[in-house]
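Engineer: Residue numbers for the sequence shown follow the numbering used here, beginning at 298 and rising by one.
Glycine included, every Cβ here is placed at the ideal spot set by N, Cα and C.
Dumping the structure here so I can ask a few things about it.
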Amino acid sequence: MRSRATPKTPKTVYACRQDVDERDRRATRANKASVSTLLERLHSSADATPIQRARAYELKGTILGNLSRDDEAIAEFRTALDLFETSLGPDAPPSIKSRMGLADALTNVGQVPEAIEQAQRAVDDAERSQGPDSVWTARACLSLAIAYANTGRLEESEQHFRRSASIQERALGDSNADVAATDSNLARVLTGRDRPAEALEALEHATAIYERGYRDNHPDLTLLYRNLSRAQLALERWDDAFDSGQRAVDVARANFGDDDPMTARAQEHVGAALIGAGRGHGAIDVLRPALKTLRAREVQSSLIAQVEFELARAHRLVGDEQHARDLALQARARYVADDRGFERRVAAIDAWPRSAGDAEGETSDASTRPRSDL
């Protein structure tokens, strides 16, 4: 059996795009240029080893992923994985790490069946070579949980999130930031399974860890506050959901700027809370710029659809039926065109125009709202 290596810090991967602040983005672009130059040198150098080439390809894949260019990252991770496996074998930590990177990139572009296959292989390889209670196994379980969540298999997703969190707590302590990140992702699944009270408990634990260990306005807080707002929305705690969503907006603006998808996705939660509180005009003022940003940045179609439908709800709340129907139909078309399986959201939109509560200017029941993305 190979020696059991421990990763220095397991990379935190969320079910959505990873949070990186603007300095990291600039550094990422610079690093991409450096890695491209390095790859050219390695290709032309007779002394470059396969391991050196593999590490360069893996780094380039990571950088492309942080630039939301996962389709390009997939090719780099495949090349790195092939080189690592040929040189070190599939059970070696570098091979496992590259396979997890490949799984995460596949998840982000919607190729979820293969993502599940690759993540499960990473779990099996990590268990066999590093042990069932190793941090490597926890990290592989996290990739598998995220892949399952993105295909709607929430029961399996919860199982692997909980296993990852349990291993991390034993190995790293229950106040570690990686434990908080896993709790935050678990909460999204619990909300999706109609267990918002449990989700809120997990998020409050994660919030306490983050706020003790992170500086004010740390970019990772954006996702945490969004998840917190999501759970509070499910519990119809409109004021709390608004406050958490606004905190997410403030952190996102401080790190990414006004016209960034991270800011727009936080604004979505603020808008939803305003709709819940019956403040349709305020929701429209928040959701319109959010939708404009997401459309301009060409993010995943399903993310645009979420904001389109929230904006539709806001327009119906103020009596603007034509805009409400147009936006709802646009959202529906995006979900139908997405091959990752959004049947429940399509069904929710189809049922929504028949909701008497919405038609009378009341907030719609949670069962008529498409679930937030995982």
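Quick one, which of Q349, R366, N482, G573 has its alpha-carbon nearest T376's?
Structural biologist: Position 79 of the sequence shown, counting from 1, holds the residue named residue 376. Comparing Cα-Cα distances from T376 to each of Q349, R366, N482, G573, the minimum goes to Q349.
Engineer: Run the CB neighbour count on G386, radius 10 Å, all protein chains shown included, and call it buried at 16 or more, exposed below.
Structural biologist: On the sequence shown, residue 386 is found 89 positions in, with the first residue counted as 1. That one is exposed.
Engineer: Hey, V679 and N447: beta-carbon distance below 8 Å or not?
Structural biologist: Residue 679 cannot be examined here, being either before or after the span of the chain that is shown, 298 to 671.
Engineer: According to DSSP, is E498 part of a helix, a strand, or is it coil?
Structural biologist: Along the sequence shown, one-based indexing puts residue 498 at 201. DSSP places E498 in helix when its eight states are reduced to three.
Engineer: Measuring alpha carbon to alpha carbon, tell me which of R460, P558, A602, R544 ends up nearest G594.
Structural biologist: As a first step, residue 594 is located in the sequence shown; it is residue number 297 there, counting from the start. The amino acid occupying residue 594 in the given sequence is Arg; Gly does not appear at that position. Measuring from the Cα of R594, the nearest candidate turns out to be P558.
Engineer: Assuming A444 contacts A484 (C-beta within less than 8 Å), just tell me the rounded distance between them.
Structural biologist: As a position in the sequence shown, residue 444 is number 147, starting the count at 1. As a position in the sequence shown, residue 484 is number 187, starting the count at 1. Contact flag wrong, Cβ pair sits at about 18 Å.
Engineer: May I ask you to report which of helix, strand or coil DSSP gives L532?
Structural biologist: Your numbering for residue 532 matches position 235 in the sequence shown. Looking at L532 - three-state DSSP - the assignment turns out to be coil, as it is neither helix nor strand.
Engineer: Over what stretch of residues does the alpha helix (DSSP H) that includes G470 continue unbroken?
Structural biologist: What you label residue 470 is simply residue 173 of the sequence shown in a count that begins at 1. Per DSSP, G470 lies in no alpha helix (DSSP H) and is assigned neither H nor E.
Engineer: Looking only at C-alpha atoms, which of A351, F381, P347, D401 sits nearest to D367?
Structural biologist: For the purposes of this step, residue 367 is taken as residue 70 along the sequence shown, with counting starting at 1. Measuring from the Cα of D367, the nearest candidate turns out to be D401.
Engineer: Can you list, in chain order, the residues of its chain whose CB lies under 7 Å from that of V420, leaving out five sequence neighbours each side?
Structural biologist: Taking the first residue of the sequence shown as position 1, residue 420 is located at position 123. Answer for V420: T434, A437, C438, L441, listed in chain order.
Engineer: Output the distance between the C-alpha atoms of S454 and V486, rounded to the nearest integer angstrom.
Structural biologist: To locate residue 454, count along the sequence shown from 1; it is residue 157. To locate residue 486, count along the sequence shown from 1; it is residue 189. About 7 Å.
Engineer: Do you know how far the Cα of F381 is from the Cα of P391?
Structural biologist: Within the sequence shown, numbered from 1, the residue matching residue 391 stands at position 94. Within the sequence shown, numbered from 1, the residue matching residue 381 stands at position 84. C-alpha separation (whole angstroms): 7 Å.
Engineer: Among residues of its own chain, excluding the 5 on either side of L571, which ones have a beta-carbon nearer than 6 Å to its beta-carbon?
Structural biologist: For this step, residue 571 is matched to residue 274 along the sequence shown. G579, A580, listed in sequence order.
Engineer: Quick check on the DSSP output: the alpha helix (DSSP H) that includes D379 runs from which residue to which?
Structural biologist: What you label residue 379 is simply residue 82 of the sequence shown in a count that begins at 1. 367 to 385 is the extent of the alpha helix (DSSP H) around D379.
Engineer: Quick check: the Cα distance between P493 and Q529, rounded to an integer number of angstroms?
Structural biologist: Working through the sequence shown from its first residue, we reach residue 493 at position 196. Working through the sequence shown from its first residue, we reach residue 529 at position 232. The alpha-carbon atoms of P493 and Q529 are separated by roughly 7 Å.
Engineer: Hey, A370 and G358 are a contact pair by Cβ (cut 8 Å); roughly how many whole angstroms apart?
Structural biologist: Start at 1 with the first residue of the sequence shown, and residue 370 comes out as number 73. Start at 1 with the first residue of the sequence shown, and residue 358 comes out as number 61. The pair is a contact, with the Cβ atoms about 4 Å apart (cut-off 8 Å).
Engineer: Entirely within the segment 522 to 598 and at least 4 residues each: give me those alpha helix (DSSP H) ranges in chain order.
Structural biologist: 535 to 553, 558 to 573, 577 to 594
Engineer: Can you list, in chain order, the residues of its chain whose CB lies under 6 Å from that of H612, leaving out five sequence neighbours each side?
Structural biologist: Numbered from 1 along the sequence shown, position 315 holds the residue referred to as residue 612. Answer for H612: H620, A621, listed in chain order.
Engineer: Report yes if the CB atom of Q564 is closer than 8 Å to the CB atom of V548, and no otherwise.
Structural biologist: Looking up residue 564 in the sequence shown gives position 267. Looking up residue 548 in the sequence shown gives position 251. Not closer than 8 Å, so no.
Engineer: Taking just the CA atoms, how far does D480 sit from Y511?
Structural biologist: One-based indexing of the sequence shown puts residue 511 at position 214. One-based indexing of the sequence shown puts residue 480 at position 183. Rounded to the nearest angstrom, the gap between the Cα atoms of Y511 and D480 is 16 Å.
Engineer: Just how far apart, CA to CA, sit L532 and Y354?
Structural biologist: One-based indexing of the sequence shown puts residue 532 at position 235. One-based indexing of the sequence shown puts residue 354 at position 57. Answer to the nearest angstrom: the Cα atoms are 45 Å apart.
Engineer: By Cβ distance, which residues of its chain are closer than 8 Å to R459, with the 5 residues on each side in sequence left out?
Structural biologist: Along the sequence shown, read from residue 1 onward, the residue named residue 459 stands at position 162. Around R459: L483.
Engineer: What span of residues does the alpha helix (DSSP H) with P347 cover, start to end?
Structural biologist: Locating residue 347 in the sequence shown gives position 50, counting from the first residue. 347 to 363 is the span of the alpha helix (DSSP H), which, as asked, contains P347.
Engineer: What's the gap between the Cα of D556 and the Cα of Q603?
Structural biologist: For the purposes of this step, residue 556 is taken as residue 259 along the sequence shown, with counting starting at 1. For the purposes of this step, residue 603 is taken as residue 306 along the sequence shown, with counting starting at 1. Distance between the alpha carbons of D556 and Q603: 18 Å.
Engineer: What do you reckon, are the CB atoms on A538 and G573 nearer than 8 Å?
Structural biologist: In the sequence shown, counting from the first residue as 1, residue 538 sits at position 241. In the sequence shown, counting from the first residue as 1, residue 573 sits at position 276. Less than 8 Å divides the Cβ of A538 from the Cβ of G573.
Engineer: What is the DSSP secondary structure of V420, counted as helix, strand or coil?
Structural biologist: Numbered from 1 along the sequence shown, position 123 holds the residue referred to as residue 420. Three-state DSSP puts V420 in a helix.
Engineer: Quick one: grab the DSSP three-state call for H515.
Structural biologist: What you label residue 515 is simply residue 218 of the sequence shown in a count that begins at 1. DSSP places H515 in coil when its eight states are reduced to three.
Engineer: I'd like the list of long-range same chain contacts for R323, defined as Cβ closer than 7 Å, with 5 residues on each side in sequence excluded.
Structural biologist: Here residue 323 refers to the residue found at position 26 of the sequence shown. Confidence at R323 is low in this model, with a pLDDT of 45, below 50, so its placement is unreliable and the value that follows should be read with caution. So no residue of the chain qualifies.
Engineer: What does a CB cutoff of less than 6 Å around G362 pick up in its chain, not counting 5 residues either side in sequence?
Structural biologist: Looking up residue 362 in the sequence shown gives position 65. The residues are A370, A402.
Engineer: Quick check for students: name the residue ranges of the alpha helix (DSSP H) that lie wholly in the segment 429 to 468, counting only runs of 4 or more.
Structural biologist: 432 to 446
Engineer: Return the CA-CA distance between R610 and T504, expressed in angstroms with no decimal places.
Structural biologist: The sequence position of residue 610 within the sequence shown is 313, counting from 1. The sequence position of residue 504 within the sequence shown is 207, counting from 1. Going by the C-alpha atoms only, they are around 30 Å apart.
Engineer: Just the C-alpha distance for N552 and H515, rounded to the nearest angstrom, thanks.
Structural biologist: Residue 552 sits at position 255 when you count from the first residue of the sequence shown. Residue 515 sits at position 218 when you count from the first residue of the sequence shown. Distance between the alpha carbons of N552 and H515 is about 8 Å.
Engineer: Does V409 come out as helix, strand or coil in the three-state DSSP assignment?
Structural biologist: Mapped onto the sequence shown, residue 409 falls at position 112. The answer is helix: DSSP assigns V409 an H, G or I state.
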